[in-house]
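A.B. asks: Here it is, the structure, as structure tokens.
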Amino acid sequence: MQLKVKKEASDEIPTSSMADIAFLLIIYFMITTTFAATRGLDWALPQDDEDTPEVEKEEAVLIEILPSGELLVDQDPMETEDIMDYLLPKLERNPKKPVIIQPDPEAPYGKMVEVFDELRQGEEDEGVKINISIPTRREIEMFWY
Amino acid sequence: MRLKAQQQSKAVIPTASMADIAFLLIIFFMLTFQIEVDRTQVTLPQTMIRLEVPKKSALISVDPKGQIRVSSGEEMSVPVPSEEDVLSFAAGIVQTDPSKTFVIKADKETPYRIVDGIIDALKQAKVRDVYLLSQQETVDNS
């Protein structure tokens, strides 16, 4: 009787499927990962414990945003780009001049962000600190009326 | 003259390093991996100043129809009926972590009164930092 010659077992680790496994994992992470917008404009809300000065409507620069998205700066219509030109001479005279942004309830949110961004940019470009406050409806009703 | 017999090269693609490349890519995706907690489709406002939002911030989103959704940053966002619910949600979070940052993700056409209500709720809940999620403003549409 003839015996079969035993095949010698290979002592290598089969790595050919490793790449397939790795690519499957890659596909999983690619699909679940989002490069969603994770950046934004920061806004430190006023805290009670800090001695935040009460902002008086009369001595502040009032930026109103109308439902149409137009701006009224101290009752005068103005474009967003012109706010800083209007503000700088006033800030030179009084660096603590408060600026109030008061959007109409029906004004688009994007416009308020645009004005806020413009002031923050102005702060950065001119190296000044602007005292920006964006009071909410409730605060306006509580303190001003 | 005797010519040398040309050695035939084997037609094999070297795949041994393929796995290494793939694992490098995996590591990259794992590091950048962030679970998306909110899938609301919005058109974000555009700003020039854009700071990185801290990871795991609580999120409040408002879609163009005015529907508010909240998420603590760890699980998927859930819809809430009104701004008052934002107050109880935010107060609960501030109680456990007073320095938690909040992110507002709202469509740029949202009427301000909704955002106003949310900000008011956050102020009452003693939230310190809020980020208004935005898109990069480019030169041609600025």
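Just so you know, the protein sequences line up as chains A and B, in that order.
Residue numbering for the first sequence follows the numbering used here, beginning at 7 and increasing consecutively.
Residue numbering for the second sequence follows the numbering used here, beginning at 5 and increasing consecutively.
No residue lacks a Cβ here, since even glycine has one placed at the ideal position from N, Cα and C.
1. Provide the residue span of the beta strand (DSSP E) that contains F37/B, from first to last.
2. Taking the alpha-carbon positions, what's the V105/A to A28/A distance?
3. Report back the beta-carbon spacing between Q140/B and Q45/B to the nearest angstrom; my notes put them in contact at under 8 Å.
4. Could you tell me whether any Cβ in chain B is nearer than 8 Å to the Cβ of M118/A?
5. Pop quiz: I64/B and I108/B are said to be a contact at Cβ under 8 Å. What is the actual Cβ separation, rounded to whole angstroms?
6. Check whether the Cβ atoms of A62/B and V90/B lie closer than 8 Å to each other.
7. Compare the Cα-Cα distances from R143/A to each of V134/B, I97/B and K127/B and report the closest residue.
8. List the endpoints of the continuous beta strand (DSSP E) containing E70/A.
9. Using the three-state DSSP reduction, which class does M22/B fall into: helix, strand or coil?
10. For L29/B, does the three-state DSSP call read helix, strand or coil?
11. Mind listing the chain B neighbours of S16/A? Cutoff is C-beta to C-beta under 8 Å, in chain order.
12. According to DSSP, is K104/B helix, strand or coil?
13. Among all the DSSP beta bridges, which residues are the ones paired with G46/A?
14. What does the Cβ neighbour count give for G77/B, buried or exposed, with the cut at 16 atoms within 10 Å?
15. Anyone know if the C-beta pair for P111/A and K117/A falls short of 8 Å?
16. Run down chain B in chain order and give the residues with a C-beta less than 8 Å from the C-beta of S22/A.
C.D. replies: On the basis of the data shown:
1. Careful: F37/B lies outside any beta strand (DSSP E) and carries neither H nor E.
2. If you draw a straight line from the Cα of V105/A to the Cα of A28/A, it is about 56 Å long.
3. Not a contact, Cβ separation roughly 18 Å.
4. yes
5. 5 Å
6. For A62/B and V90/B, no; Cβs fall outside 8 Å.
7. K127/B
8. Where E70/A is concerned, the enclosing beta strand (DSSP E) stretches over V67 to I71.
9. helix
10. DSSP, reduced to helix, strand and coil, places L29/B within a helical segment of the structure shown.
11. Here the premise fails: no neighbours, minimum Cβ distance about 16 Å.
12. coil
13. L55/B and L137/B
14. buried
15. No; because the gap between Cβ atoms is not below 8 Å, this pair is not in contact.
16. T19
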